[in-house]
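K.L.:
In the numbering used here, the protein residues as written are 42 to 401. Ideal placement from N, C-alpha and C gives every residue a C-beta, glycine not left out. Just so you know, these numbers come straight off a predicted model, no measurement behind them. Sharing a structure with you now.
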């Protein structure tokens with residue numbers, strides 16, 4: 042039996058990835074003639090077009106027609122027909138027909154969805170794999186382990202990604218229904234003197250009158266916090282030193298985790314305090330008794346710092362609902378490629394019924 046070729050893309054604010062798999066009756070298998078994952082810096086429409094067309098030019102894909110292409114995008118997707126990218130500085134809008142014009146399959150075989158929705162599909166699928174194939178997660182709280190109910194998936198990176206996974210019940214079981222959120226672009230309430238200091242810096246230096254959660258909890262948000270805090274430090278205090286070619290936010294995080302620079306450590310603590318507050322907002326909205334999952338590459342790199350207590354303290358800081366918040370288990374996800382995995386999984390099942398299973 043001939044196997045279908047599934048193509049998946051994960052298009053972020055600055056970084057994009059492509060994956061290829063073969064889809065058969067027994068499931069998905071990595072394509073033996075294609076790298077496990079292809080990474081590219083993409084921050085504009087022209088760069089994305091070039092990336093997609095370079096992938097399509099691979100002999101693996103020119104010799105085997107693509108059955109499905111699934112594109113996970115960092116921005117709101119309108120009815121599967123268009124996206125507005127959240128963190129691009131140039132033209133942000135891309136329509137489905139443009140992807141088809143670039144060479145992706147037409148006739149309903151190219152699927153657009155929010156990147157966090159794709160991540161939710163990837164998370165749900167990995168959590169339901171048996172035994173040693175199951176995804177690695179590390180529990181941060183004493184709440185009961187992974188069980189039934191709604192879930193939340195949060196991924197701080199170039200931007201702040203957020204989504205809920207609703208446990209949709211049917212006679213045959215429970216299926217994951219992802220709901221991408223854009224709450225991260227709402228103004229963040231300023232509650233502490235430290236938050237006020239960073240907010241004033243953003244107004245003065247970046248002309249951001251009402252900073253959003255995404256302005257605080259993102260790669261540029263970490264840089265914002267660092268410079269705002271550094272401006273208040275004594276003269277002569279050394280700044281962070283990037284490695285050659287290293288992103289400045291990555292430098293701050295690396296030196297903050299290692300405690301090599303006091304301002305970097307302070308900025309990273311501020312970052313995860315704000316993330317804890319944002320997770321509280323999402324949790325009160327969706328009541329995730331099935332768990333709050335913090336993912337993304339930065340989470341993997343910074344997991345030891347996250348466990349220092351600032352994140353959890355901020356998450357639980359709610360006098361009225363602290364008891365409820367304490368019932369939601371929180372996990373750090375040990376895999377950073379959930380979005381492309383979810384894209385492939387959705388492509389595999391796009392012409393089949395989505396599987397139903399208990400969230401266990």
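Measuring straight from C-alpha to C-alpha, what distance separates residue 123 and residue 148?
P.N.:
Counting from one through the chain shown, the residue named residue 123 turns up at place 82. Counting from one through the chain shown, the residue named residue 148 turns up at place 107. Approximately 16 Å between the Cα atoms of the pair.
K.L.:
Check whether the Cβ atoms of residue 59 and residue 107 sit closer than 9 Å, and answer yes or no.
P.N.:
Within the chain shown, numbered from 1, the residue matching residue 59 stands at position 18. Within the chain shown, numbered from 1, the residue matching residue 107 stands at position 66. No, these two residues do not count as a Cβ contact at 9 Å.
K.L.:
Looking at the unbroken alpha helix (DSSP H) that takes in residue 390, where does it start and where does it end?
P.N.:
Numbered from 1 along the chain shown, position 349 holds the residue referred to as residue 390. 379-390 is the span of the alpha helix (DSSP H), which, as asked, contains residue 390.
K.L.:
Could you work out which residue in 387, 153 and 130 is closest to residue 118 when comparing CA atoms only?
P.N.:
What you label residue 118 is simply residue 77 of the chain shown in a count that begins at 1. For residue 118, the nearest C-alpha among the options comes from 153.
K.L.:
Would you list, in sequence order, the uninterrupted alpha helix (DSSP H) runs of no fewer than 4 residues that lie entirely inside the region 88-158?
P.N.:
Listed in chain order, they are 100-103 and 137-142.
K.L.:
Please look up how many angstroms separate the CB atoms of residue 312 and residue 258, rounded, as I've assumed it's under 8 Å.
P.N.:
Walking along the chain shown from the start, residue 312 turns up at place 271. Walking along the chain shown from the start, residue 258 turns up at place 217. So it is a contact: roughly 6 Å between Cβ atoms.
K.L.:
Would you check if the distance between the CB atom of residue 162 and the CB atom of residue 71 is smaller than 9 Å?
P.N.:
Here residue 162 refers to the residue found at position 121 of the chain shown. Here residue 71 refers to the residue found at position 30 of the chain shown. No, they are not a contact pair.
K.L.:
Taking the C-alpha atoms as reference points, what is the distance between residue 266 and residue 304?
P.N.:
The residue you call residue 266 lines up with position 225 of the chain shown. The residue you call residue 304 lines up with position 263 of the chain shown. Taking the straight line from one Cα to the other gives about 9 Å.
K.L.:
Pull up the CB-CB distance for residue 222 and residue 203, whole angstroms please, since I reckon it's below 8 Å.
P.N.:
Sequence index remark: in the chain shown, residue 222 carries index 181 (1-based). Sequence index remark: in the chain shown, residue 203 carries index 162 (1-based). With a Cβ gap of about 4 Å, residue 222 and residue 203 count as contacting.
K.L.:
In the DSSP assignment, what are the bridge partners of residue 216?
P.N.:
Against the chain shown, residue 216 aligns to sequence position 175. In the DSSP output, where bridge partners are listed per residue, residue 216 has 209.
K.L.:
Do you know offhand how far residue 157's Cα is from residue 276's?
P.N.:
Mapped onto the chain shown, residue 157 falls at position 116. Mapped onto the chain shown, residue 276 falls at position 235. Rounded to the nearest angstrom, the two C-alpha atoms are 42 Å apart.
K.L.:
From the DSSP output, in three-state form, read off residue 317 for me.
P.N.:
Stepping through the chain shown from its first residue, residue 317 is reached at position 276. Three-state result, residue 317: helix.
K.L.:
How many whole angstroms separate the CB atoms of residue 356 and residue 321, which I take to be in contact at a CB cut-off of 8 Å?
P.N.:
As a working mapping, residue 356 is identified with position 315 in the chain shown. As a working mapping, residue 321 is identified with position 280 in the chain shown. The Cβ separation is near 5 Å, so the contact holds.
K.L.:
Would you give the residue range spanned by the beta strand (DSSP E) that residue 60 belongs to?
P.N.:
Within the chain shown, residue 60 is the residue found at index 19, counting from 1. Taken as a continuous stretch (DSSP letters only), the beta strand (DSSP E) holding residue 60 covers 56-65.
K.L.:
Is it true that the CB of residue 379 sits closer than 9 Å to the CB of residue 164?
P.N.:
Locating residue 164 in the chain shown gives position 123, counting from the first residue. Locating residue 379 in the chain shown gives position 338, counting from the first residue. A contact, by the Cβ cut-off of 9 Å.
K.L.:
Between the C-alpha atoms of residue 232 and residue 387, what's the straight-line distance to the nearest angstrom?
P.N.:
Taking the first residue of the chain shown as position 1, residue 232 is located at position 191. Taking the first residue of the chain shown as position 1, residue 387 is located at position 346. Rounded to whole angstroms, residue 232 to residue 387 spans 41 Å at the Cα level.
K.L.:
Check whether the Cβ atoms of residue 290 and residue 318 lie closer than 9 Å to each other.
P.N.:
The sequence position of residue 290 within the chain shown is 249, counting from 1. The sequence position of residue 318 within the chain shown is 277, counting from 1. No; because the gap between Cβ atoms is not below 9 Å, this pair is not in contact.
K.L.:
On the DSSP letters alone, give me the boundaries of the alpha helix (DSSP H) that residue 350 sits inside.
P.N.:
The residue labelled residue 350 in the question sits at position 309 within the chain shown. Where residue 350 is concerned, there is no enclosing alpha helix (DSSP H), given that its DSSP letter is neither H nor E.
K.L.:
Suppose only complete runs of 4+ residues qualify. What are the alpha helix (DSSP H) ranges in the region 285-314, listed by chain order?
P.N.:
The region 285-314 contains these whole alpha helix (DSSP H) runs: 289-298.
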